[in-house]
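Have a look at the structure below before the remarks.
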Amino acid sequence: QVQLQESGPGLVKPSETLSLSCTVSGSSISGYYWGWVRQPPGKGLEWIAWVYYTGNTNYNPSLKSRVTISVDTSKNQFSLKLRSVTAADTAVYYCTRHPYGRGSDYWGQGTLVTVSS
Amino acid sequence: DIQMTQSPSTLSASVGDRVTITCRASQSFSDWLAWYQQKPGKAPKLLIYKASYLETGVPSRFSGSGSGTEFTLTITSLQPDDFATYYCQQYSSLWAFGQGTKVEIK
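Residue numbers (the working numbering), protein chains in the order written: chain A, 1 to 117; chain B, 1001 to 1106.
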């Protein structure tokens, strides 16, 4: 079955870069859009970015200046980098699979990233 | 950017009730609209895609409708497992979620 697993540090210092990876099993990276979504504690969902398997990307305008999303088809992984983090970036970060024209049908379990010194 | 606004923010209902949640967009777009259910501590689950298509395995008491700027999620005969928070998402080019609707026990 399809599984997505986020990995990366659970604690990041203010002004540093948050780096997360999502390893995909049970599905090829090829042919799909892949996304990152976050959820601050007790709040709603916020879309961060998506990447197509070809490398095409799109970003939430409110985060665009600080975010990079990339895909590595050889490793069946995609990644997120969020620069210059503050406490407002503390959230559960989810990676998702998003078939063209459909919703995000598979999600990782989510990883809590806390920004604190 | 297309902004999504859900209403109501909270909804109190009883088992067996018919429930409707509305999602309004700041501008018209295609029918690339999805609905998700999220329970505490869990990842969201896809219920509806392309405004009205039921995801495989989702009970038929869930349905979606709408076009343009107004979309609805309807749950006929609310079940105990349906008490959760629901989100709409538009996924045309840039993605955006509504702020969520919590369905709680009356």
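Backbone N, C-alpha and C fix where the C-beta goes; we use that ideal spot for every residue, glycine too. This one's a predicted model, so the numbers in the text were calculated from it and none came from an experiment.
Would residue i and residue j be called neighbours here (beta carbons separated by less than 7 Å)?
i          : j          : result
Gln1038(B) : Cys1023(B) : no
Ile1048(B) : Arg1061(B) : no
Lys81(A)   : Ser7(A)    : no
Val12(A)   : Val85(A)   : yes
Val113(A)  : Tyr93(A)   : yes
Tyr1053(B) : Leu1046(B) : no
Ile48(A)   : Thr57(A)   : no
Tyr124(A)  : Ser74(A)   : Residue 124(A) falls outside the range modelled here, since chain A spans only 1 to 117, and no answer is possible.
Gly44(A)   : Gln1090(B) : no
Leu1033(B) : Val1103(B) : no
Ala1051(B) : Phe1071(B) : yes
In the DSSP assignment, find the beta strand (DSSP E) that holds residue i and state where it starts and stops.
i          : result
Ile1021(B) : 1019-1029
Ser1063(B) : 1062-1075
Trp1035(B) : 1033-1038
Lys1045(B) : 1045-1049
Gln1090(B) : 1085-1090
Ala91(A)   : 91-98
Thr122(A)  : Summary: the structure shown does not reach residue 122(A), with chain A confined to residues 1 through 117, and so no result is reported for it.
Gln1006(B) : 1004-1007
Ala88(A)   : Looking at the DSSP string, Ala88(A) is not in any beta strand (DSSP E), and its letter there is neither H nor E.
Quick one: measure Cβ to Cβ for residue i and residue j, integer angstroms, because I've assumed they're closer than 8 Å.
i          : j          : result
Ser1028(B) : Gly1064(B) : Their Cβ separation, rounded to whole angstroms, is 17 Å, which puts Ser1028(B) and Gly1064(B) out of contact at 8 Å.
Ala87(A)   : Ser116(A)  : 7 Å
Leu982(B)  : Ala1013(B) : Nothing about residue 982(B) can be reported from this structure: the residues present for chain B run from 1001 to 1106 only.
Taking 6 Å as the cut-off, does the CB of residue i come closer than this to any heavy atom belonging to the ligand MN?
i        : result
Pro14(A) : No copy of the ligand MN occurs in the structure displayed, which carries no ligand at all.
* Would you call the stretch 51-68 of chain A and the stretch 1006-1019 of chain B in contact, with 3 or more CB pairs under 8 Å? -> no
* To do: Give, in chain order, every unbroken run of the beta strand (DSSP E) that is at least 3 residues long and sits entirely within the stretch 3-86 of chain A.
  => 3-7, 18-25, 33-39, 46-52, 57-59, 67-72, 77-82
* Any 3 or more C-beta pairs closer than 8 Å across the stretch 27-45 of chain A and the stretch 1015-1030 of chain B -> no
* Asked: Does the stretch 14-34 of chain A touch the stretch 98-108 of chain A, meaning 3 or more C-beta pairs lie closer than 8 Å?
  -> yes
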